[in-house]
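**Student:** Counting in this note's numbering, the sequence shown runs from 1102 upward without gaps.
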Amino acid sequence: MSKRPLDKLSHALRRQAQVSSLRRPSKDGDVSLSESTATKAAGGGDGSVAPACGASPGNTVGSDTSHPATATTTHPSAGVKGAEDRIIHANYSLRHALARGAPETPLTRQVKHAIQQSTGKAEALKAFQVLLQADGDAPTAATFKTLSATLLQHHVEDRVGHAAFEKALTDAVGHEGDRWRRLSEEERSTFVNYTCRTTERWAERGSAYNKLLGFSQEGTDNEVVAKLEYQMRKCGAPVSASSLADLMHLDVTWSTALHLYNFAGELQKYAPPPMEMTDRLMGLMTGYKSGIGGSRPWIRALALYQQALVSGYDTTLTTHTHALDALWRSADTFHRVHSPLSSSHQQWVWENALAITQRVQETPRLLLTGDEGCAYAESVVKAFAASGRWSVAVSFLGNMDTSNMDLSFRFLVPTAETYAFAMAACHTAGHAAHGEALWTIFRETYTLRSLHSEVLSILLQSLRHVVRTSPIVGQLVEELVTDGKGLERQATVAVLQLLSSRYVKTTEQRWVLAAKLLDMYDANPWPQQPQARKTELQTVFRCCHLISVMEEPDGKRLLLQLRQHLVDVFGGSSAEVEWLDDTAIYALQVTSNWREAIAIYDAAVDRRKPEQVPYLPIPLRQAKIMLVEALVRSCMAMKEVDEFFLVDEDTQEADRDAAVTLTQRALAVTRAVFRPDDTFPHHLYAELLLMQALSATTSAQRKSHAVEAMRHFSQASAELIEHRLVARVATALSLTEVHVENALLVGHATLRHATLSQRSDRRRRNNVHGGFDVVAW
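(1) Distance, Cα to Cα, GLU1555 vs GLY1275?
(2) Using CA atoms only, rank isn't needed, just tell me which of CYS1336, LYS1222, THR1220, THR1607 is closest to THR1241.
(3) If you check the beta carbons only, do ALA1484 and LEU1425 fall under 9 angstroms apart?
(4) Check whether the stretch 1666-1679 touches the stretch 1689-1703, counting contact only when three or more Cβ pairs, one atom from each stretch, lie closer than 8 angstroms.
(5) If you measure between the beta carbons of VAL1605 and LEU1597, is that distance less than 9 angstroms?
(6) Can you tell me whether SER1317 is helix, strand or coil according to DSSP?
(7) Can you tell me which residues form a DSSP beta bridge with TYR1414?
(8) Take the Cβ of PRO1441 as the centre, count every other Cβ of all protein chains shown within 10 Å, and call the residue buried at 16 or more, exposed below.
(9) What is the DSSP secondary structure of TYR1389, counted as helix, strand or coil?
(10) Would you be able to state if there are at least three C-beta pairs under 8 angstroms between the stretch 1385-1393 and the stretch 1452-1460?
(11) Would you decide whether ASP1238 is buried or exposed? Buried here means 16 or more other CB atoms lie within 10 Å of its CB.
(12) Would you mind working out which of HIS1813, ALA1807, SER1815 sits nearest LEU1836, comparing C-alpha positions?
(13) Got a sec, what are the start and stop residues for the alpha helix (DSSP H) SER1480 sits in?
(14) Compute the Euclidean distance between the alpha carbons of PHE1364 and ALA1486, then round it to the nearest angstrom.
(15) So, are the CB atoms of LEU1253 and ASN1311 less than 9 angstroms apart?
(16) Hey, could you find the ends of the beta strand (DSSP E) ASN1311 is sitting in?
(17) Whose CA, out of ARG1860, GLN1859, SER1815, ALA1223, lies closest to the CA of ALA1841?
(18) Helix, strand or coil for ASN1843? Go by DSSP, reduced to three states.
(19) Please report the distance separating the alpha-carbon of HIS1436 from that of SER1563.
(20) Specify, as a first and last residue, the run of the alpha helix (DSSP H) that GLU1580 falls within.
(21) Let me check understanding here. Comparing Cα to Cα, which of GLN1217, LEU1498, GLN1859, ALA1225 lies closest to SER1285?
(22) Given PRO1782, which residues of its chain have a CB within under 7 angstroms of its CB, disregarding the five upstream and five downstream residues?
(23) Taking GLU1679 as the reference, which of ARG1643, ARG1776, VAL1650, THR1762 has the closest Cα?
(24) Near ALA1101, which residues of its chain fall below 8 angstroms by C-beta distance, leaving aside the five closest residues on each side in sequence?
(25) Considering only residues of the same chain and omitting the five flanking positions on each side of GLN1447, which have a CB-CB separation below 6 angstroms?
(26) Within 10 Å of its beta-carbon, does GLY1148 have 16 or more other beta-carbons around it, so buried, or fewer, so exposed?
(27) Measure the Cβ-Cβ separation of ASN1323 and THR1354 and say whether it is below 9 angstroms.
(28) Where does ASP1683 sit, in a helix, a strand or coil, going by DSSP?
(29) If we ignore side chains and look at the alpha-carbon of each, how far apart do ALA1624 and LEU1208 end up?
(30) Rounded to whole angstroms, what's the CA-CA distance from ARG1460 to GLU1377? Just pull it up for me.
(31) Could you tell me whether the Cβ atoms of SER1735 and LEU1763 are closer together than 9 angstroms?
(32) Looking only at its own chain, which residues have a Cβ that is under 8 angstroms from the Cβ of MET1739, when we skip the five neighbours before and after it?
(33) When the Cα of SER1858 is compared with those of ARG1812, SER1818, VAL1830, LEU1834, which residue comes out closest?
(34) Our contact map puts MET1349 next to ARG1381 with C-beta atoms below 8 angstroms; I'd like the distance itself, whole angstroms only.
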């Protein structure tokens, strides 16, 4: 602890002893005591000259004109107790020192000036470090206030650029005269806070390495803010809430901001922290993620919102905006393909969003204008999209100014994120036409680079719902890859997933675009948690395998380059190389070459040790079904070649024999792969039997294979029987499609019962004394 607080306390005790000595009765009586007391009180106790009788306090020499009460005199007839109270409260210098903590020293003033003149965060912290290392000097509340305001100004300058910040400051002043260009510290701090609040919602977050956790996390200023909070607690200075709010507006995580929020509550135990700190903390708990990302405790944000409603402070429009963001965060996976939300949760989001919007409408002082109004409208669209009400989101967007005209009677202009969430809602519901219409309006004002990185990832992932019906996917993907501006890691994975779909059409070759995307992915920090790293890298490798198979033979270059890069960086026996080899099993999804399909399955499953088979990226039963599907595609591809490229009878006969041989081989492989206790793919096996029936030379063989195919169709799900299969069965049996449809679809349960009964009777005839018969008997 420094010596200054002790000296201050000793001075106060000495002054109290002087007052006590004056209270002692003297020989001259009480009148002299009151007169001397009045003289001390009028002089302020600091050696100043008391004013003459009848002089006004404003003309007092040596008194503080801002505090005229300190120069008032005490009437001689006043009591001793009243004189004591006035003596204690009249010493303004002592009261001001007690309020500010330690008084400023020459070194403190020099450090404060150095902080104000600094050109960056590092230089400001270096100047503050000089004060911490000095002996006998300690930071004051004014020092912390100057440091926090300066750090926030440097943070805003780094975000918007120094030239843009100075230009905005000049525009805010509105006059180039020297008289108006001089801004006070409070005025500059007010402008910095306004600029920070208007840009921090859509600003990209940074990341820094955390020594305690052992990996990087979002927020580049977490360590700096934590050290400053420690110094504030150590010095014991009465830090103002505005200083803590300035620190919260730096690039920190919600957990670091929560420490500052709790510290502000400790400083003022009988009053909650200001609404600005609550808004900032809720914004960090529900805001957009960048790069490394992090947790978003939306439940805590909603709890803060409920506390803000009953705190007694006037809630701002930003408070309700962050509450809507919290509702969206509770359902922020609504756009994903394999993460559907429950209807009950969607209803909960919808009802709470309506309650918040109704509360805003019932508050007349909350005006839906300006940047805050646009952000509120964006949050409303986000909440409506998460609740599954895509039509309501589009209608709300239609009530905003969606034109590019200079004049409009509407107050709110939709942001780029507002358009993106409306399009994502349409895509998730399967309405590609509405999404395409919104995309056309969006392109008139914004570009894809106008979106926040997380919102861009959400839009790209939502396109997977309409990848078959939307014509804009290929153009959008190619535009993002070829503009040379790079992509964030999650957006890169989403583009790779779209590019690996065979329904996406691009002008440039897929493997070339995929190679550029891998470079973009490598430029970002990879996931460092083991399970998250494995999951994401397997997704990337799966997309590369699919693209390589679809772009044969040039696509092989993509896998060769990727494998060589992984070997050079991690080594040939690393987990990353092993994951690349394991994900080769996904190539069975798109390959139409039966030799390649069998080779992939053999390398991934048959040559694998039995104890390592469960560690495949997909279950073994799924790999078997993918192999049979690849064989079916290969047989169908050979049949299409036979139909369109027949030249003469000899070629026709040879192709027919090759097709029959391939079909027989596929049937044999299917029977060999599946064991008796596996779930047999009856619908795929029946389709192979139909191909064999249509290729048979005799009518008896054709009908025999068709009937066997119907038996297998009866044991599969009726939903898997398509109309083309019904037509093939009718052709093989020389029946009408109506008869076959009645047997396979309408009478599916009856046909299954008959098939299972025949199989049971056949088993009984083959083994009369089976265990089942003994038990039944």
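Cβ coordinates follow ideal geometry from the N, Cα and C atoms, glycine included. All of these numbers come straight from a predicted model, not from anything done at the bench.
**Tutor:** In short:
(1) Numbered from 1 along the sequence shown, position 454 holds the residue referred to as residue 1555. Numbered from 1 along the sequence shown, position 174 holds the residue referred to as residue 1275. Those two C-alpha atoms are separated by around 37 angstroms.
(2) Here residue 1241 is taken as the residue at index 140 of the sequence shown, counted from 1. Among CYS1336, LYS1222, THR1220, THR1607, the Cα nearest to that of THR1241 belongs to CYS1336.
(3) What you label residue 1484 is simply residue 383 of the sequence shown in a count that begins at 1. What you label residue 1425 is simply residue 324 of the sequence shown in a count that begins at 1. The Cβ atoms of ALA1484 and LEU1425 lie closer than 9 angstroms to each other.
(4) No contact exists between the stretch 1666-1679 and the stretch 1689-1703.
(5) For the purposes of this step, residue 1605 is taken as the residue at position 504 of the sequence shown. For the purposes of this step, residue 1597 is taken as the residue at position 496 of the sequence shown. It is not a contact, given that the beta carbons lie outside the stated cut-off.
(6) Numbered from its first residue, the sequence shown carries residue 1317 at position 216. Strand at SER1317.
(7) Walking along the sequence shown from the start, residue 1414 turns up at place 313. Beta-bridge pairing links TYR1414 to no other residue.
(8) Taking the first residue of the sequence shown as 1, we reach residue 1441 at position 340. Exposed: under 16 other Cβ atoms inside 10 Å.
(9) As a first step, residue 1389 is located in the sequence shown; it is residue number 288 there, counting from the start. Coil.
(10) In this structure the stretch 1452-1460 does not lie against the stretch 1385-1393, because fewer than three pairs of beta carbons, one per stretch, are closer than 8 angstroms.
(11) On the sequence shown, residue 1238 is found 137 positions in, with the first residue counted as 1. ASP1238 is classed as buried because its beta carbon has at least 16 other beta carbons within 10 Å across all chains shown.
(12) For this step, residue 1836 is matched to residue 735 along the sequence shown. Of the listed residues, the one whose Cα sits closest to LEU1836 is ALA1807.
(13) Here residue 1480 refers to the residue found at position 379 when the sequence shown is read from its first residue. Counting along the chain, SER1480 sits inside the alpha helix (DSSP H) bounded by residues 1471-1487.
(14) Residue mapping note: residue 1364 aligns to position 263 of the sequence shown, counting from 1. Residue mapping note: residue 1486 aligns to position 385 of the sequence shown, counting from 1. Just so you know, the alpha carbons of PHE1364 and ALA1486 end up roughly 37 angstroms apart.
(15) Along the sequence shown, read from residue 1 onward, the residue named residue 1253 stands at position 152. Along the sequence shown, read from residue 1 onward, the residue named residue 1311 stands at position 210. No, they are not a contact pair.
(16) Within the sequence shown, the letter at position 210 stands for residue 1311. It spans 1308-1311 - the beta strand (DSSP E) in which ASN1311 sits, taken as one unbroken run.
(17) For this step, residue 1841 is matched to residue 740 along the sequence shown. Here the sequence assigns Val to residue 1841, which means Ala is not the residue at that position. It is SER1815 whose Cα lies nearest to the Cα of VAL1841.
(18) Counted from its first residue, the sequence shown places residue 1843 at position 742. In the three-state scheme derived from DSSP, where H, G and I count as helix and E and B as strand, ASN1843 is classed as helix.
(19) Taking the sequence shown and counting its residues from 1, the one referred to as residue 1436 is at position 335. Taking the sequence shown and counting its residues from 1, the one referred to as residue 1563 is at position 462. So the alpha carbons of these two residues sit roughly 5 angstroms apart.
(20) Position 479 of the sequence shown, counting from 1, holds the residue named residue 1580. 1574-1583 is the extent of the alpha helix (DSSP H) around GLU1580.
(21) Position 184 of the sequence shown holds residue 1285. From the listed residues GLN1217, LEU1498, GLN1859, ALA1225, the smallest Cα separation to SER1285 is found for GLN1217.
(22) On the sequence shown, residue 1782 is found 681 positions in, with the first residue counted as 1. If we look at PRO1782 and ignore the five residues flanking it on each side, its Cβ neighbours are ILE1726, VAL1729.
(23) Within the sequence shown, the letter at position 578 stands for residue 1679. It is ARG1643.
(24) Because the chain is modelled from 1102 through 1878, residue 1101 falls outside the range shown and cannot be assessed.
(25) As a first step, residue 1447 must be located in the sequence shown, where it is residue number 346. For GLN1447, where only same-chain residues beyond five positions count, the Cβ hits under 6 angstroms are SER1488, GLY1489.
(26) The count along the sequence shown starts at 1 and reaches residue 1148 at position 47. The predicted model places GLY1148 with a pLDDT of 37, which falls under 50 and marks its position as unreliable, so this point remains unresolved.
(27) As a working mapping, residue 1323 is identified with position 222 in the sequence shown. As a working mapping, residue 1354 is identified with position 253 in the sequence shown. Result yes, Cβ atoms of ASN1323 and THR1354 sit closer than 9 angstroms.
(28) Numbered from its first residue, the sequence shown carries residue 1683 at position 582. Reduced to three states, the DSSP call for ASP1683 is helix.
(29) The residue given as residue 1624 occupies position 523 in the sequence shown. The residue given as residue 1208 occupies position 107 in the sequence shown. Distance between the alpha carbons of ALA1624 and LEU1208 is about 46 angstroms.
(30) By 1-based counting over the sequence shown, the position of residue 1460 is 359. By 1-based counting over the sequence shown, the position of residue 1377 is 276. Distance between the alpha carbons of ARG1460 and GLU1377: 20 angstroms.
(31) The residue labelled residue 1735 in the question sits at position 634 within the sequence shown. The residue labelled residue 1763 in the question sits at position 662 within the sequence shown. For SER1735 and LEU1763, yes; Cβs fall inside 9 angstroms.
(32) Residue mapping note: residue 1739 aligns to position 638 of the sequence shown, counting from 1. Answer for MET1739: ASP1756, ALA1759, ALA1760, LEU1763, listed in chain order.
(33) The sequence position of residue 1858 within the sequence shown is 757, counting from 1. Put simply, of ARG1812, SER1818, VAL1830, LEU1834 the residue whose alpha carbon is nearest the alpha carbon of SER1858 is ARG1812.
(34) Here residue 1349 corresponds to residue number 248 of the sequence shown, with the count starting at 1. Here residue 1381 corresponds to residue number 280 of the sequence shown, with the count starting at 1. So it is a contact: roughly 5 angstroms between Cβ atoms.
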